[in-house]
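Here the structure comes first, spelled out in structure tokens, and everything after it is commentary.
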Amino acid sequence: MPPKGRIAVNEMYCKGCELCVNACPQHVIALAADRITAKGYHPAALVKEGCTGCAICSVVCPEAAITVWREAVRRVPA
Ligand code: SF4
Ligand code: SF4
8 MPPKGRIAVN EMYCKGCELC VNACPQHVIA LAADRITAKG YHPAALVKEG
58 CTGCAICSVV CPEAAITVWR EAVRRVPA
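Per this note's numbering: the sequence shown = residues 8 to 85.
What follows is the structure in structure tokens.
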């Protein structure tokens, strides 16, 4: 089973450039068409299940606006 992750986008910094949208290998990020930031941009947001916490979106974001969490996998001794 792939790892589970989630992201948080700091809308104070997001400028709606879509670099994260295009970089996400799971295609789970989109610009939120129904919201506008204080600076006038549609912010990026997680729009569906499937984030693996790979952090590629965070690496490509020029504003360092994305924080990523990945669920830890606990190994059980056999
Ligand atoms: S952490 Fe990876 S899978 Fe999750 S939204 Fe970012 S690029 Fe996509
Ligand atoms: S890459 Fe960063 S600034 Fe660009 S849309 Fe994504 S979160 Fe916003």
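Think of the CB as a built atom: it goes at the ideal place given N, C-alpha and C, for glycine as much as any other residue.
Got a sec, what are the start and stop residues for the beta strand (DSSP E) residue 73 sits in? Along the sequence shown, one-based indexing puts residue 73 at 66. Residues 73-77.
Taking Cβ positions, are residue 50 and residue 16 nearer each other than 8 Å? Along the sequence shown, one-based indexing puts residue 50 at 43. Along the sequence shown, one-based indexing puts residue 16 at 9. Yes, these two residues count as a Cβ contact at 8 Å.
Starting from residue 16, trace the beta strand (DSSP E) in both directions and tell me its first and last residue. Working through the sequence shown from its first residue, we reach residue 16 at position 9. It spans 12-16 - the beta strand (DSSP E) in which residue 16 sits, taken as one unbroken run.
Are the Cβ atoms of residue 85 and residue 75 separated by less than 8 Å? Along the sequence shown, read from residue 1 onward, the residue named residue 85 stands at position 78. Along the sequence shown, read from residue 1 onward, the residue named residue 75 stands at position 68. No, the Cβ-Cβ distance between residue 85 and residue 75 is not below 8 Å.
Residue 18, buried or exposed, once every other Cβ within 10 Å from all chains shown has been counted against 16: Against the sequence shown, residue 18 aligns to sequence position 11. Flag for residue 18 reads buried.
Residue 51 - DSSP class collapsed to helix/strand/coil: Residue mapping note: residue 51 aligns to position 44 of the sequence shown, counting from 1. Residue 51 falls in the strand class under three-state DSSP.
Taking only beta-carbon positions, decide if residue 68 is within less than 8 Å of chain C. No chain C appears in this structure, which consists of one protein chain only.
Do residue 43 and ligand 2 come close, with the Cβ less than 7 Å from some heavy atom? For this step, residue 43 is matched to residue 36 along the sequence shown. Result no, Cβ not under 7 Å from ligand 2.
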